[in-house]
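Undergrad:
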Amino acid sequence: MKEKILEFLKQQNGFVSGQRICDELGVSRTAVWKYMNSLKKEGYEIESVTRKGYRLLQSPDLLTTEEILSSMKEACIPGELCCFESIDSTNEEAKRRGESGAPDGSVYVADQQTRGKGRRGKTWISPSGEDVFFTILLRPELPLDCVSMLTLVAASAVAEGIDKVTGQCCQIKWPNDIVLNKKKVCGILTEMNMEIDSIAYVVVGIGINVNRINFGEEIADMATSLKKESGHNIERSVLLSEILTAFFRDYKLFLEKQDLSPFLDYYNKKLVNVDHEVKIIKKDEEIIRTALGINERGELIVQDAEGRKEHIFSGEVSVRGIYGYV
């Protein structure tokens with residue numbers, strides 16, 4: 265109920281009476297008073313005036329269930345939504361919940377991670393109160409070879425959400441990074457758990473540099489944040505709600521098609537290295553090719569100097585620009 269009251273306050277342009285809140289939401293005046301005090305303790309600036317009612321003046325930058333749900337224009341999270349002040353890793357929490365039977369479409373959000381990780385076992389630095397870290401638990405009925413495409417579905421949704429909230433135009437670095445002005449702002453890590461020959465569950469972990477300003481020397485030349493590139497603070501709950509809305513809309517389409525055809529044009533328009541030479545790094549070699557785009561299976565289509573085309577699967581390689589990260 266608290267998230268419904270918060271959402272109702274956000275929808276008002278001015279004061280709203282306690283009685284109207286009671287009538288609209290079906291709660292008692294005492295319950296309204298208790299919820300208002302609870303919101304104030306969490307940092308919401310709510311003005312209370314006799315005979316006028318309540319008015320929301322300012323919201324804190326929180327990643328709570330109430331704040332995220334109240335920021336959503338429609339209820340689109342099919343599973344549970346759990347928020348943590350600090351946790352080892354949202355991916356690890358999603359796996360634990362997955363083993364315990366948590367439903368498809370559950371979302372796990374953290375204000376801070378103590379053991380965040382990225383692709384190929386790399387550490388993902390996860391400070392408190394600045395960025396967005398979350399994992400979506402999925403139980404898709406898909407062939408095993410479709411699972412890797414979920415990373416690209418997520419990348420498309422993240423790009424849409426970032427553009428909408430920041431007013432910037434981000435790009436996708438195939439298969440799992442989002443970049444702004446050729447620097448990384450987001451990474452995506454997809455992991456799968458199997459039962460014999462079928463999918464038990466998939467976790468899609470997403471970390472976004474949102475309001476962070478300072479980066480260590482080792483990553484300063486390749487990483488940035490939405491705040492640094494847009495010039496203003498970003499409301500993390502609003503960003504997350506936009507991404508989740510886009511993702512679950514696209515996830516439904518993906519399950520119907522079982523390929524990336526609904527998102528192909530958008531993804532290829534966002535692809536940062538299209539028509540540019542890239543360095544493809546495999547275990548035992550590095551090759552230079554020109555990136556042409558992705559196909560419906562999410563494979564990167566590249567071309568060599570003689571015009572021969574090749575399809576690259578994301579699990580096999582890393583892709584870099586010729587002179588750096590992009």
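Mind the numbering: the sequence shown is residues 265 to 590 in my numbering, read in order.
Virtual Cβ for every residue (Gly too), placed ideally from N, Cα, C.
Leaving out five residues on either side along the sequence, give the residues of the same chain with a beta carbon under 6 Å from the beta carbon of Glu271.
TA: Locating residue 271 in the sequence shown gives position 7, counting from the first residue. Ser334, listed in sequence order.
Undergrad: Are the Cβ atoms of Phe348 and Tyr318 separated by less than 8 Å?
TA: Position 84 of the sequence shown, counting from 1, holds the residue named residue 348. Position 54 of the sequence shown, counting from 1, holds the residue named residue 318. No, Cβ-Cβ distance for Phe348 and Tyr318 is not below 8 Å.
Undergrad: Which residue from Met456, Leu273, Val422 and Ser392 puts its Cα closest to that of Asp409?
TA: In the sequence shown, counting from the first residue as 1, residue 409 sits at position 145. When only C-alpha atoms are compared, the closest one is Met456.
Undergrad: Count the CB pairs spanning the region 469-483 and the region 298-305 that are closer than 8 Å, and state whether there are at least three.
TA: The region 469-483, when compared against the region 298-305, does not touch it at the 8 Å Cβ threshold.
Undergrad: Does DSSP classify Ala510 as helix, strand or coil?
TA: Counting from 1 along the sequence shown, the entry for residue 510 is found at position 246. The answer is helix: DSSP assigns Ala510 an H, G or I state.
Undergrad: So the candidates are Glu560, Gln322 and Pro342; which of them puts its Cα closest to the Cα of Ser370?
TA: For the purposes of this step, residue 370 is taken as residue 106 along the sequence shown, with counting starting at 1. Comparing Cα positions, the closest option is Pro342.
Undergrad: What residue does the alpha helix (DSSP H) around Lys546 start on, and which one ends it?
TA: As a position in the sequence shown, residue 546 is number 282, starting the count at 1. Here Lys546 belongs to no alpha helix (DSSP H), and DSSP marks it neither H nor E.
Undergrad: Determine, using beta carbons only, whether Asp548 and Ser420 come nearer to each other than 8 Å.
TA: Residue mapping note: residue 548 aligns to position 284 of the sequence shown, counting from 1. Residue mapping note: residue 420 aligns to position 156 of the sequence shown, counting from 1. It is not a contact, given that the beta carbons lie outside the stated cut-off.
Undergrad: Who are the near neighbours of Glu288 in its chain, counting only those whose CB is closer than 7 Å to its CB and skipping five residues on each side?
TA: Along the sequence shown, read from residue 1 onward, the residue named residue 288 stands at position 24. Phe272, listed in sequence order.
Undergrad: Looking at the secondary structure, which residues open and close the beta strand (DSSP E) in which Lys448 lies?
TA: Here residue 448 refers to the residue found at position 184 of the sequence shown. Lys447 to Glu459 is the extent of the beta strand (DSSP E) around Lys448.
Undergrad: Taking Lys573 as the reference, give the member of Glu520, Gly562, Arg561 and Arg553 with the closest Cα.
TA: For the purposes of this step, residue 573 is taken as the residue at position 309 of the sequence shown. Of Glu520, Gly562, Arg561 and Arg553, the residue nearest in Cα terms is Arg553.
Undergrad: If I measure Cβ to Cβ from Lys316 and keep anything under 6 Å in the same chain, skipping five residues before and after, which residues do I get?
TA: Translated into the one-based positions of the sequence shown, residue 316 becomes position 52. Excluding residues within five positions, the ones whose Cβ falls inside 6 Å are Phe279.
Undergrad: Alpha carbons only, please: which of Glu499, Asn532 and Lys492 is nearest the one belonging to Gln595?
TA: Within the shown structure, residues of the chain are numbered from 265 to 590, placing residue 595 beyond reach of any answer.
Undergrad: Please list, in chain order, all residues of the same chain as Pro404 whose beta carbon is under 7 Å from its beta carbon, the five residues on each side excluded.
TA: As a working mapping, residue 404 is identified with position 140 in the sequence shown. The residues are Ile463, Val466 and Leu519.
Undergrad: Between Gly282, Pro407 and Leu444, which lies nearest to Gly495 when the distance is taken from Cα to Cα?
TA: Within the sequence shown, numbered from 1, the residue matching residue 495 stands at position 231. When each option's Cα is compared against that of Gly495, the closest is Leu444.
Undergrad: Would you report the Cα separation of Leu528 and Lys448, rounded to the nearest angstrom?
TA: Against the sequence shown, residue 528 aligns to sequence position 264. Against the sequence shown, residue 448 aligns to sequence position 184. Cα to Cα, Leu528 sits roughly 22 Å from Lys448.
Undergrad: Determine the DSSP secondary structure at Arg584, reduced to helix, strand or coil.
TA: Sequence index remark: in the sequence shown, residue 584 carries index 320 (1-based). Three-state result, Arg584: strand.
Undergrad: When you compare each of Ser582, Ala555, Ser578 and Asn301 to Leu569 by their alpha carbons, which one comes out closest?
TA: Locating residue 569 in the sequence shown gives position 305, counting from the first residue. First, the amino acid is wrong: residue 569 is Ala here, not Leu. The shortest Cα separation from Ala569 among Ser582, Ala555, Ser578 and Asn301 belongs to Ala555.
Undergrad: Taking Ile269 and Val313 to be in contact with their CB atoms under 8 Å, please state how far apart those CB atoms are, rounded to whole angstroms.
TA: The residue labelled residue 269 in the question sits at position 5 within the sequence shown. The residue labelled residue 313 in the question sits at position 49 within the sequence shown. Contact flag wrong, Cβ pair sits at about 17 Å.
Undergrad: Just to confirm, is the Cβ distance from Val581 to Ile545 under 8 Å?
TA: Residue mapping note: residue 581 aligns to position 317 of the sequence shown, counting from 1. Residue mapping note: residue 545 aligns to position 281 of the sequence shown, counting from 1. Against a cut-off of 8 Å, the Cβ pair of Ile545 and Val581 comes out as a contact.
Undergrad: With a floor of 3 residues, list each beta strand (DSSP E) that falls wholly inside the region 278-334, ordered by position along the chain.
TA: Listed in chain order, they are 309-313 and 317-322.
Undergrad: Measure how close the beta-carbons of Thr415 and Tyr372 come, nearest whole angstrom, since I'm counting them as under 8 Å.
TA: Residue numbering aside, residue 415 sits at position 151 when the sequence shown is read from its first letter. Residue numbering aside, residue 372 sits at position 108 when the sequence shown is read from its first letter. That pair is no contact at about 17 Å.
Undergrad: Take the Cβ of Leu321 as the centre, count every other Cβ of all protein chains shown within 10 Å, and call the residue buried at 16 or more, exposed below.
TA: Within the sequence shown, residue 321 is the residue found at index 57, counting from 1. Flag for Leu321 reads exposed.
Undergrad: Go through its chain and collect everything with a Cβ distance to Gln522's Cβ below 8 Å, but skip five positions before and after it.
TA: To locate residue 522, count along the sequence shown from 1; it is residue 258. Leu406, Pro407 and Cys410, listed in sequence order.
Undergrad: Leaving aside the five residues before and after Gly425 along the sequence, list all residues of the same chain whose C-beta is less than 7 Å from its C-beta, in chain order.
TA: Taking the sequence shown and counting its residues from 1, one reaches residue 425 at position 161. Counting only Cβ-Cβ distances below 7 Å, and skipping sequence neighbours, we find Leu503, Glu506, Ile507 and Ala510.
Undergrad: Assuming contact is defined by CB atoms lying nearer than 8 Å, are Gly393 and Asp368 in contact in what I supplied?
TA: In the sequence shown, residue 393 corresponds to position 129, counting from 1. In the sequence shown, residue 368 corresponds to position 104, counting from 1. Contact: no.
Undergrad: Please look up how many angstroms separate the CB atoms of Ala418 and Ile470, rounded, as I've assumed it's under 8 Å.
TA: Here residue 418 corresponds to residue number 154 of the sequence shown, with the count starting at 1. Here residue 470 corresponds to residue number 206 of the sequence shown, with the count starting at 1. Confirmed, about 6 Å.
Undergrad: Who does Val542 pair with in a DSSP beta bridge?
TA: As a working mapping, residue 542 is identified with position 278 in the sequence shown. In the DSSP output, where bridge partners are listed per residue, Val542 has Arg553 and Gly585.
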